[in-house]
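Numbering (our numbering), first residue to last: 1 to 267. Just so it is clear, CB atoms sit at the ideal spot from N, CA and C, and this is done for glycine as well.
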């Protein structure tokens, strides 16, 4: 079953917000969805209304080879959730070292999850390169990278186009073919935002799957520990995200060609 990985070379670009709301959008479209949090910030759960005080999770326990089904949370949205789990600095370092020495701690669990019938997996990763991301990359169908509508995004384009931030040489080139981009916090009244959008459209064209408007509803939804489509369904950002979900669903589930019946049979 398909895996969509949300990743970014830098933080603060709306990565977790996108992962949560895309997972919810796919669920609303009739897909069975599991959201997996690989970011040690452990914030994906907040978008699904999991209380801040609940610190348990799946990824933090990977060195003990936990049963992922036992860690699964069934959220009110219908999305299945595997939280990261809270870790202090020492715990983060220990987990990173464990994944460096044995990436199969995560890789094997992912293959088992992906073997579940009719299950779509949306993964939120930590900013930059990590051992967890390296374990996900070979199994990802789409690598979705959010960018802000600012000058820094234009500066990163060569690295993104080549896939260098995901790997060097042939590996980066192969992964670059799976790369798709979303431009977040687009301000239609800003000349800089318009210029960045125009530059991205010229440079990457079809790889840009959508734009998300700068919208206060995004921040208020998180403050209420709610998903945007539930909190502010008529907001501009909610409409933008719905368009992005439709584009991603078409890419993850391409329509099968229709067979035509003729006198001689099917052609």
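Assigned secondary structure, residue i (DSSP; H/G/I helix, E/B strand, else coil)
i: residue 129; result: coil
i: residue 56; result: coil
i: residue 35; result: strand
i: residue 61; result: helix
i: residue 160; result: helix
i: residue 21; result: helix
i: residue 41; result: coil
i: residue 265; result: Because residue 265 carries a pLDDT of 44, less than 50, the predicted location of this residue cannot be relied on, and the following value inherits that uncertainty. Note: residue 265 maps to strand in three-state DSSP.
i: residue 15; result: helix
i: residue 253; result: coil
i: residue 87; result: coil
i: residue 50; result: coil
i: residue 30; result: coil
i: residue 112; result: helix
i: residue 138; result: helix
i: residue 67; result: coil
i: residue 118; result: coil
Residues bridged to residue i [DSSP beta-bridge criterion]
i: residue 184; result: 148
i: residue 5; result: 123, 143
i: residue 82; result: 36
i: residue 168; result: Its beta-bridge partners do not exist; DSSP assigns none.
i: residue 74; result: 80
i: residue 179; result: 143
Short Cβ contact (8 Å threshold) for residue i with residue j
i: residue 229; j: residue 238; result: yes
i: residue 197; j: residue 211; result: yes
i: residue 242; j: residue 231; result: no
i: residue 236; j: residue 213; result: yes
i: residue 95; j: residue 87; result: yes
i: residue 268; j: residue 136; result: Any question about residue 268 goes unanswered here, given that the chain covers just 1 to 267.
i: residue 85; j: residue 60; result: yes
i: residue 140; j: residue 3; result: yes
i: residue 49; j: residue 76; result: yes
i: residue 194; j: residue 154; result: no
i: residue 53; j: residue 35; result: no
Buried versus exposed call for residue i [16 or more other C-beta atoms within 10 Å across all chains shown]
i: residue 112; result: exposed
i: residue 151; result: exposed
i: residue 177; result: exposed
i: residue 25; result: buried
i: residue 90; result: exposed
i: residue 67; result: exposed
i: residue 272; result: Shown here, the chain extends from 1 to 267; a query on residue 272 therefore has no answer.
i: residue 227; result: buried
i: residue 253; result: exposed
i: residue 131; result: buried
i: residue 234; result: exposed
i: residue 206; result: exposed
i: residue 188; result: exposed
i: residue 133; result: buried
i: residue 115; result: exposed
Completely contained alpha helix (DSSP H) runs for the region 184-246, where each covers 4 or more residues: 191-204, 216-223, 228-231, all fully within the region 184-246.
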